[in-house]
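S.K.: Shown below is the structure under consideration.
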Amino acid sequence: MHIPDGFLSLGTAVAAWVLAIAVLAYAVARTNRQLGEKQVPLMGVMAAFIFAAQMLNFPVAGGTSGHLIGGALVAILLGPWAGMLVMTAVVAVQALLFQDGGLLALGANVLNMGVIACLVGYYVYAALQRVLSDGHWANLGSAFVAAWCSVFVTSVVCALQLGISGSSPIQVALPAMAGVHALIGVGEGLITVAALAFITATRRDLVEFRKAAN
Amino acid sequence: MGKKNWWIIGLIIALAVTLLSPLASSWPDGLERVAEDHGFIDLAAGPFYELIPDYVLPGIPNEALATILAGMIGVLVVFGLSVAAGYVLRRREAKGKAS
């Protein structure tokens, strides 16, 4: 869902930059207060894994592919604030080094795949955790739903940005983006669950200390 | 490998994932598909400059290898940036205890 330059109007792109920077400034402040020593290498490993996994486009219906965003995964492990800093590093490097996503559009891409994907993923997961009884399968189920929601909401926001920019009417872009990303979100959910199951099996403490930090 | 160095295994796993990148689907992603279907793909502007466009490292004749190498470069760069950000922002523990 990396927006190239040209899809967004200048006003939309600038507004997204301003919003992204404002939230990231808050994220830096929160991370500065909360981040434990042990989470520093986890930030690096999650950035590395998410970057690699984002390269692996998987086919969905009709000659279309999708790839992991990773916002829900990293937010579940590190909380939304450190999580969105990790996502910002990934999305910024993709734009600056690999020309994936535009430079003017980088603010919107950080806002969508960093800020919004992490916030939606984290708070959906947290809400389900409160409702469901604590347990391995409940956690993984919550993660699946959180990951799906993170992709779905991000795609809706992206469609709104395209609509506001005049690239595509909202009544066209919204159902189209939401429809295809409802499918891609299933892949997001499966990869998120697989990664969390692996981390829980090998390093349970990494999953546990999140609760103390947030 | 002690518990302290678990991150090395994590980084190796991420690097290993890039080995799969030549197998990735080359179909357009969700946004590109929507842009093609609804006639605004041509709005896309080319990049201002190109370093490693399309995740293919320039100058490597074998495209699969060029893709894997591009992925590994990206993995190492985002790892370094994120660890640096975390290191700067981490909550300092009591003096002498910090590692």
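These protein sequence lines are chains V and S, in that order.
Going by the working numbering, the first sequence opens with residue 124, and the numbers climb by one from there.
Going by the working numbering, the second sequence opens with residue 1445, and the numbers climb by one from there.
Glycine included, every Cβ here is placed at the ideal spot set by N, Cα and C.
Kindly say whether V/Q157, judged by its beta-carbon, lies nearer than 9 Å to any beta-carbon of chain S.
M.R.: It does; some Cβ of chain S falls within 9 Å.
S.K.: Using the beta-carbon of each residue, which ones in chain S are nearer than 9 Å to V/V216?
M.R.: By Cβ distance, chain S contributes G1518, V1521, V1522 and L1525.
S.K.: Nearest by alpha-carbon distance to V/I192: which of V/L179, V/G185 and V/G186 is it?
M.R.: When each option's Cα is compared against that of V/I192, the closest is V/L179.
S.K.: So who's on the other strand from V/S188, going by DSSP bridges?
M.R.: DSSP output for V/S188 lists V/P182 and S/D1473 as bridge partner(s).
S.K.: Any C-beta of chain V sitting closer than 9 Å to the C-beta of S/P1472?
M.R.: Chain V, which has a Cβ nearer than 9 Å to the Cβ of S/P1472, makes this yes.
S.K.: If you draw a straight line from the C-alpha of V/G194 to the C-alpha of V/V316, how long is it?
M.R.: Cα-Cα distance, rounded: 13 Å.
S.K.: May I ask which residues mark the beginning and end of the alpha helix (DSSP H) holding V/P164?
M.R.: Its alpha helix (DSSP H) spans residues Q162 to Q177.
S.K.: Excluding the 5 residues preceding and the 5 following V/D223 in the sequence, name in chain order all residues of the same chain whose CB lies nearer than 6 Å to its CB.
M.R.: For V/D223, where only same-chain residues beyond five positions count, the Cβ hits under 6 Å are H125 and Q217.
S.K.: Of the residues V/L313, V/L227, V/G237 and V/T135, which one's Cα is nearest the Cα of S/F1492?
M.R.: Checking every option, the nearest Cα to that of S/F1492 belongs to V/L227.
S.K.: What whole-angstrom Cβ distance do V/L242 and S/A1529 have, given they're in contact under 8 Å?
M.R.: At roughly 18 Å, the Cβ-Cβ gap does not stay under 8 Å, so V/L242 and S/A1529 are not in contact.
S.K.: Between V/V339 and V/L158, what straight-line distance do the alpha-carbon atoms span, to the nearest angstrom?
M.R.: Only positions 124 to 337 of chain V appear in the structure, and residue 339 of chain V is not among them; the question remains open.
S.K.: Apart from the five residues just before and just after V/P127, which ones in its own chain have a Cβ nearer than 7 Å to its Cβ?
M.R.: Closer than 7 Å at the Cβ level, and outside the excluded window around V/P127, lie G224, G225 and A228.
S.K.: Could you check whether the Cβ of S/G1503 sits closer than 9 Å to any Cβ belonging to chain V?
M.R.: Not an interface residue.
S.K.: What in chain S is Cβ-close to V/Q162, meaning under 9 Å?
M.R.: What V/Q162 touches in chain S: G1530 and R1534.
S.K.: So what does DSSP say about V/W158, is it helix, strand or coil?
M.R.: The residue you asked about is not Trp; residue 158 of chain V is Leu in the sequence shown. Of the three classes helix, strand and coil, the one that applies to V/L158 here is coil, per DSSP.
S.K.: With 16 as the cutoff for other CB atoms within 10 Å, does V/F321 come out buried or exposed?
M.R.: With fewer than 16 Cβ atoms within 10 Å of its Cβ, V/F321 is classed as exposed.
S.K.: Output, in sequence order along the chain, the residues in the segment 125-144 of chain V whose CB is closer than 8 Å to any CB in chain S.
M.R.: Those would be H125, I126, P127, D128, G129 and F130, in chain order.
S.K.: Residues of chain S with a CB under 9 Å from the CB of V/C241: which are they?
M.R.: Residues of chain S passing the Cβ test: none, with the nearest at roughly 14 Å.
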